C-alpha cells in the first residue's frame with residue numbers, strides 16, 4: 001500500500017477510535033448514553049427551531065420577509081458554529097501536531113516527514129468536516145422546516161459544508177501557536193490552572209444564569225412574545241452588516257449569490273493556504289521537541305511518616321490536582337458548585353414564587369443541591385479506571401483492596417463535602433433559607449453525595465479495563481458516568497420532589513394528616529440514609545474479589 | 553524464603569493454561585533467575601507471585617506467609633520492580649519514594665538513610681524532585697528500584713530489571729543484588745539476557761511454554777564446561793540458524 005495511505009489509515013483509526021473499536025457488553029450503559037445524547041440534542045435543536053419559527057414571522061415596516069429573516073438568523077447560527085468549531089480545532093491541532101507520541105516512533109522509520117504531516121493534516125480536515133456536518137446539516141434542516149425552501153437550498157447546504165469548515169480551521173490556525181505557548185507556560189503551575197479554570201467556570205455559569213434571569217423576566221412580563229420585534233431585527237441587521245463572514249448564510253438563501261459564492265470560495269482557498277503553511281511550520285517546530293518538560297518543584301526533604309490510608313488519600317489529591325483535565329473535572333467544578341447552586345436557587349425561587357405563589361425554600365434548595373452534587377461526583381465514576389495500569393500495580397502493596405478503594409472514596413468525600421458545605425453556607429448567608437433548613441440540607445446533601453461516591457466507585461471497578469487505550473477507557477467511563485448520573489438523578493428527583501410535593505400539599509387547603517410539613521424533612525433524611533446504606537452494601541459486596549480479578 | 557508449588561494460571565478467554573505446574577523455591581542469600589524466551593511465562597509467574605494476577609491452582613509462600621491466606625504479611629516482605637514502569641507520573645520521584653515508604657510503614661529514620669544511599673547508588677541527583685512524567689526510561693527504572701527497596705524487603709522480585717539501564721547503573725544494580733543477597737535476602741528476577749543470568753545467579757529456572765523445563769545450579773553447571781546459551785537453546789528446541 002502507498003506510504004501515505006498507510007499513515008492516513010493509522011491516523012483515521014487514532015482520531016476515530018469508535019469506528020474500529022469492538023463494543024463489549026454493558027447494554028444498559030450504551031442505551032442510557034444514547035438516550036441522554038438524544039435528549040440533549042432534541043432539546044437543543046427544538047429550541048433552535050422554536051426561535052427560528054418565531055423569528056421568520058417578524059414583520060419590518062409591516063412587510064413579512066421570511067427568507068430575509070431566516071438568512072439573518074442563520075448567520076447568527078453559523079457564527080456560533082464557526083466560533084465553537086474554531087475552539088475545538090485549536091485543541092485538536094495542538095494534540096495532533098505537537099502532542100501525539102507516535103511521531104517519535106515514525107521518526108525512526110524511513111518515512112518522509114512531509115507524508116507524515118499530510119496524513120495528519122488530512123485526517124484533521126476530515127475530523128473538522130465531520131464535526132461541521134453534525135452541526136450544519138441539522139441547523140439547515142430546522143430552517144428548511146421553518147421556511148419554504150427549494151432544491152437549491154440543499155445544494156448550497158453542501159457548498160457551505162465544503163467551504164465553511166475551512167474558515168474555522170483558518171481561525172484555529174491563527175490561535176494555535178499562542179495557545180500552545182500559553183499551555184506550556186502554565187503546564188506545571190497547578191494552582192494557577194486551578195484558579196483560572198474555577199474563575200472561568202464561575203463566570204460562565206454566572207453569565208448563563210444572567211441569561212436565564214433575563215428569559216425569566218421576559219416570561220414574567222410576557223414580553224418574550226414580542227422579543228423578536230422590528231427593533232430587534234434592525235439591531236441584528238446592523239450587527240450583521242459589519243460581520244465579515246455573512247457570505248455562507250447568504251448563499252443558502254440565494255442572496256447576493258455571485259458575490260457571496262466568490263467570497264466563500266476565496267475565503268476557503270485562503271484558508272487552505274494559511275492552514276497548510278502555519279500547521280506545517282508548527283508541526284516541524286514541534287517534531288523533535290519532547291512533550292512539555294516540567295520544571296522541578298521545590299526541593300522538599302520532608303520524610304514525615306504517614307499512615308498508609310492518609311498517604312493514599314494524599315496520592316489521590318496530588319495525581320488529580322496535577323492533571324489539568326482531572327483538575328477541571330473535579331476541583332474546578334467542586335469549587336464552582338456553590339455559585340451554581342446559589343444562582344439556580346435564586347432563579348427558581350423567584351420563578352416559583354411568581355408563577356405559583358409558593359415559597360419553597362428548603363425543598364428547592366435540597367433538590368438543587370442534590371442535582372449539582374451528582375454532577376460534581378460524576379468524576380468518581382473514574383476512581384479506578386483513571387489510574388490505568390498503576391491500579392494493577394497497587395495490587396502489590398501490602399494494603400487491603402478495601403483500604404486502597406476507601407482512600408479514593410474518602411478523597412472524593414472530602415472534596416464533595418466541602419463543596420456541599422460551602423453551597424449551604426452560601427445559601428444560608430445570601431438567601432432566605434433558614435439556618436435550620438440549611439443544616440438539614442447539608443446533612444442530606446452529605447449523605448447523598450457520599451452514597452453517590454460509593455456507587456460510582458463500585459460501578460467503575462466493575463466495568464474498568466486497566467489496559468484499555470485512552471479512547472476505549474473514555475468510552476467505558478462515559479457509559480459508567482451515564483449510569484451513575486441516571487441513578488443519582490432519579491433518586492435526587494424522588495427525594496427532592498417528594499419534599500416539594502409534601503410542602504405544597506401540606507400548605508394547601510386539602511391538608512391531610514399524613515402530609516404534615518415535618519415530612520418534607522423526614523422523607524429526605526430517611527431517603528438519603530437508606531440510599532447510603534444500600535450504596536455501602538453494594539460497594540462492599542465482593543469488593544476484595546472484584547479488585548483481585550482486576551487484570552490486564 | 554519463597555516457595556511456589558504447582559502454580560497454574562489461565563487468562564480469561566483463553567483455553568489453555570498460560571503457566572502450569574510451576575514449582576520453584578528460593579532461599580535467603582540466593583540470587584535466582586527465571587530464564588525464558590519472550591512469552592515463555594516468566595512475567596505471568598512473577599505477576600502471580602506478587603499478587604497482581606489471580607491464579608487457578610497452587611500455593612505461593614513468601615517469608616513463611618501464604619499469599620492467598622495472608623496476603624498483607626506476604627506482600628510486606630517483598631519488593632517488586634515490574635517490566636512496565638507504571639508509576640504515579642504526576643508525583644515527583646521524592647514524593648513517590650515517600651509514598652512507598654508510607655505504604656510499607658517505613659520509619660522516618662530508615663527512609664532517610666535509604667533515600668540517601670539510593671541517591672548515591674543510582675546517581676539521580678536533584679532530578680528526584682522533578683515530576684516522574686519528565687523522567688527518561690532509565691530514570692523511571694531507577695525510581696522503581698528505589699520505591700521497591702525502600703522497606704529493605706526480604707525478597708526482591710524483578711521482571712526484566714536490566715532493560716534500559718546505563719552501564720554504570722547496571723553495574724551498581726548487579727552489585728546491589730549481590731550485597732542484598734549476602735545480607736540474607738533473596739533476589740529473584742526474570743530475564744532473557746543469558747549473560748546477566750550466567751554471571752549473577754546462583755540458580756536458574758528455565759521456563760518454556762508455561763512450564764519449568766529445568767532447574768540449573770550455575771556453579772555446578774560451570775563445572776560441566778557447557779555454554780549456557782547453547783544449552784538453553786538446545787533444551788528449548790530453538791537452535792540458532794545463521
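Chains as they are written, first to last, in my numbering: chain S, 1 to 552; chain A, 553 to 794. We put the CB at the ideal spot given by N, CA and C, even for glycine. Just so it is clear, the structure is predicted and the values come from calculations on it, not from any experiment.
Classification of residue i by the beta-carbon crowding that lies within 10 angstroms, buried from 16 upward
i              : result
residue 404(S) : buried
residue 80(S)  : exposed
residue 753(A) : buried
residue 698(A) : buried
residue 396(S) : buried
residue 779(A) : exposed
residue 220(S) : exposed
residue 706(A) : buried
residue 518(S) : exposed
residue 134(S) : exposed
residue 747(A) : exposed
residue 136(S) : buried
residue 189(S) : exposed
residue 452(S) : buried
residue 433(S) : buried
residue 713(A) : buried
residue 214(S) : exposed
residue 363(S) : buried
residue 737(A) : buried
residue 688(A) : exposed
residue 301(S) : exposed
residue 37(S)  : exposed
residue 774(A) : exposed
residue 34(S)  : exposed
residue 616(A) : exposed
Residue(s) in a DSSP beta bridge with residue i
i              : result
residue 633(A) : 710(A)
residue 555(A) : 577(A), 613(A)
residue 741(A) : 585(A), 710(A)
residue 59(S)  : 64(S)
residue 69(S)  : Paired residues: none, contrary to the question.
residue 683(A) : 644(A)
residue 756(A) : 585(A), 768(A)
residue 571(A) : 561(A)
residue 618(A) : 613(A)
residue 546(S) : Answer is none; residue 546(S) lacks a bridge partner.
residue 763(A) : 760(A)
Neighbourhood of residue i by C-beta, 7 Å cutoff - its chain only, sequence neighbours within 5 removed
i              : result
residue 762(A) : 569, 570, 571, 572, 593
residue 566(A) : none
residue 789(A) : none
residue 292(S) : Interpretation of residue 292(S) is limited by its pLDDT of 49, a score under 50 that renders its predicted location unreliable; no figure is taken from the coordinates.
residue 272(S) : 166
residue 639(A) : 648, 684, 692, 695, 696
Spatial neighbours of residue i in its chain, beta-carbon cut-off 8 Å, leaving aside the 5 residues before and after
i             : result
residue 82(S) : 164, 167, 168, 171, 245
Own chain partners of residue i with C-beta closer than 6 Å, once the 5 adjacent residues on each side are dropped
i              : result
residue 634(A) : 711
residue 583(A) : 729, 733, 739, 752, 753, 754
residue 371(S) : 492
residue 156(S) : 251, 252
residue 56(S)  : 66, 69, 70, 146, 147
residue 768(A) : 756
Chain C within 9 Å of residue i, Cβ atoms only
i              : result
residue 640(A) : Among the protein chains of the structure shown, namely S and A, there is no chain C.
### Contact list for the segment 653-672 of chain A against chain S, Cβ threshold 9 Å
So the close ones are 653, 654, 655, 656, 657, 658, 659, 660, 661, 663, 664, 667.
### Near-chain A residues of the segment 321-332 of chain S - C-beta to any C-beta below 7 Å
Result list: 322, 323.
### Query
Any residues in the segment 533-550 of chain S with a beta carbon nearer than 7 Å to a beta carbon of chain A? Which ones, in chain order?
Within the segment 533-550 of chain S, the residues whose Cβ lies closer than 7 Å to any Cβ of chain A are, in chain order, 548, 549.
### Message
Closer than 9 Å between beta carbons: that is the criterion. Which residues of the segment 597-619 of chain A meet it against chain S?
### Response
When CB distances to chain S are screened at a threshold of 9 Å, the residues of the segment 597-619 of chain A falling below it are 599, 602, 603, 604, 605, 606, in chain order.
### In chain order, each alpha helix (DSSP H) run of at least 4 residues that lies wholly inside the segment 377-432 of chain S
If we require 4 residues or more, the alpha helix (DSSP H) runs fully inside the segment 377-432 of chain S come out as 389-393, 401-430.
#### Entry: the segment 383-410 of chain S: positions lying closer than 7 Å to chain A by Cβ
Against chain A - using a Cβ distance shorter than 7 Å - the residues of the segment 383-410 of chain S are 389, 390, 392, 393, 395, 396, 397, 398, 399, 400.
### Query
In chain order, which continuous runs of the beta strand (DSSP E) of length 3 or greater are located wholly inside the segment 124-163 of chain S?
The segment 124-163 of chain S contains no whole beta strand (DSSP E) run of 3 or more residues.
### Message
Output needed in chain order: residues of the segment 303-315 of chain S with a Cβ under 8 Å from some Cβ in chain A.
### Response
Listed by position, the residues of the segment 303-315 of chain S near chain A (Cβ gap below 8 Å) are 303, 304, 305, 306, 307, 308, 310, 311, 312, 314, 315.
### Query
Along the segment 413-438 of chain S, what residues have a CB closer than 8 Å to any CB found in chain A?
Within the segment 413-438 of chain S, no residue has a Cβ that lies closer than 8 Å to any Cβ of chain A.
### Message
Closer than 8 Å between beta carbons: that is the criterion. Which residues of the segment 706-726 of chain A meet it against chain S?
### Response
Under the 8 Å Cβ criterion, the segment 706-726 of chain A contributes no residue.
### Query
At what residue ranges does the segment 244-278 of chain S contain a whole run of the alpha helix (DSSP H), taking only runs of 4 or more?
Fully enclosed alpha helix (DSSP H) runs of 4 or longer: 247-252.
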